[in-house]
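Sequential numbering of the sequence shown, starting at 5, is according to my numbering. Glycine is no exception: its CB is placed at the ideal position from the N, C-alpha and C atoms. Being a predicted model, the structure only gives us computed values, none of them experimental. Following: one structure in structure tokens, then a few remarks.
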Amino acid sequence: MSKRARSLTPLAVTALALLEERPMHPYEMLQLLRLRGKDAVLTIKPGSFYHTVARLAELGLAEVHSTGRDGNRPERTLYALTQEGHEAIVRWVRTHLAAPATPQEFAIALAEAHNLAFDEAVDILRARLARLRADESELRALLDRAHAKGIPFAFHLEADRRADLTRADASWTASALEHLTADSAAWPDIHPDPSAVGIHSSWEHTK
Numbered sequence: 005m006s007k008r009a010r011s012l013t014p015l016a017v018t019a020l021a022l023l024e025e026r027p028m029h030p031y032e033m034l035q036l037l038r039l040r041g042k043d044a045v046l047t048i049k050p051g052s053f054y055h056t057v058a059r060l061a062e063l064g065l066a067e068v069h070s071t072g073r074d075g076n077r078p079e080r081t082l083y084a085l086t087q088e089g090h091e092a093i094v095r096w097v098r099t100h101l102a103a104p105a106t107p108q109e110f111a112i113a114l115a116e117a118h119n120l121a122f123d124e125a126v127d128i129l130r131a132r133l134a135r136l137r138a139d140e141s142e143l144r145a146l147l148d149r150a151h152a153k154g155i156p157f158a159f160h161l162e163a164d165r166r167a168d169l170t171r172a173d174a175s176w177t178a179s180a181l182e183h184l185t186a187d188s189a190a191w192p193d194i195h196p197d198p199s200a201v202g203i204h205s206s207w208e209h210t211k
């Protein structure tokens, strides 16, 4: 896989993940992203999105499936996922679920975690939970030392906030793992063949 393919943006990975479902044209993809609330974590502008899809095709991660015209409407190009595109999703999710550089990367990796095998996803989340608990413990110790030295609370507001957010993240991760391990059969069996359709059939598709 090329270096450019390895450094995909969260928006590009989200676009590829849509094509896991079936071939689509970019306009339909945009509509689905908005319907599913992805614009809450991604900046989605039509022009940049169309450019992203075209770039994915240039990289060999997507390909033109067909072109057609419906009545007097402009001709539309349907794109399909390639095998390399499927592999790119899996590698990106694996990397950014384990070690995201930004909250946005983690949000998208978590949203697409079902592209990983169940055991792998669970192992990554367990490792994350251990790190979160260690981070919270370190932050609490730092805050305890600050309190012991009589340092005013105003000087460690940010550390106090981070400690609480880390605890909340750890609590959610532990709860998610409990749900997943209690019903592993609920993990979707994603077909490795990118030509398969209807993978996410529970979603309502726009027409």
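Query raised in the report: Per DSSP, which one or two residues make a beta bridge with Glu67?
Result: Ala84
Query raised in the report: Which residue's Cα is closest to the Cα of Arg144: Ile128, Arg132, Arg130, Leu161?
Result: Leu161
Query raised in the report: What are the complete alpha helix (DSSP H) segments, minimum 4 residues, inside the region 6-32?
Result: 7-10, 14-23
Query raised in the report: Among Glu116, Thr81, Phe157, Leu46, which residue has its Cα nearest to the Cα of Ala61?
Result: Thr81
Query raised in the report: When you compare each of Ala16, Glu124, Phe157, Ala21 to Ile48 by their alpha carbons, which one comes out closest?
Result: Ala16
Query raised in the report: Looking at the C-beta of Leu147, does it have a partner C-beta in chain C at a distance below 9 Å?
Result: No chain C is part of this structure, which consists of one protein chain only.
Requested in this report: Return the CA-CA distance between Ala44 and Ser70, expressed in angstroms with no decimal places.
Outcome: 31 Å
Query raised in the report: How about the region 114-126 and the region 94-101: do they share at least three Cβ pairs that are nearer than 8 Å?
Result: yes
Query - C-beta atoms of Leu20 and Gly89 nearer than 9 Å - result: yes
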